[in-house]
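Reading through the structure tokens given below for one structure.
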Amino acid sequence: MDPQTQNTSLQRLQNVERRVVRVLDIAGGVMEELASPSGPRKDFVNSHCREFMQSIKVDYSSSSLHLPFSPYRES
């Protein structure tokens with residue numbers, strides 16, 4: 003593998019890693035909010051759930067172009 007291709011592959015992998023970490027961070031924030039002793043703030047949970055779902059849709063649609071297996075497609 004030439005250095006240019008290797009660098010591009012590494013950059014793509016780093017971008018995917020950043021997106022995965024962000025999605026997990028959003029999910030963790032919602033879980034913390036749901037476990038709050040004073041009860042969850044509805045606006046916080048709603049906005050973070052919306053952001054989570056949007057991130058999942060974007061990541062799934064971009065990654066499904068490159069992956070032969072898709073759990074949401076019929077076999």
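At position 8 of the sequence shown (counting the first as 1) the number is 10 in my numbering, and the numbers step up by one without a gap.
Every residue, glycine too, gets a C-beta built ideally from N, C-alpha and C.
Under 8 Å, with one C-beta from each stretch per pair, do the stretch 20-33 and the stretch 50-60 reach the 3-pair mark?
Verdict: yes, contact present.
Between V47 and V32, how many whole angstroms is the CB-CB distance? I'm expecting something under 8 Å.
Going by Cβ atoms, the distance from V47 to V32 rounds to 6 Å, so yes, they are a contact pair.
Endpoints, the alpha helix (DSSP H) within which S40 is located:
Element bounds for S40: n/a, residue is neither H nor E.
C-alpha gap between S11 and K59, whole angstroms
Between S11 and K59, the C-alpha separation is close to 22 Å.
Inter-residue CB distance, E34 and R43 (contact presumed, cutoff 8 Å):
Contact flag wrong, Cβ pair sits at about 11 Å.
Rounded straight-line distance, which links the Cα of Q8 to that of R20:
18 Å
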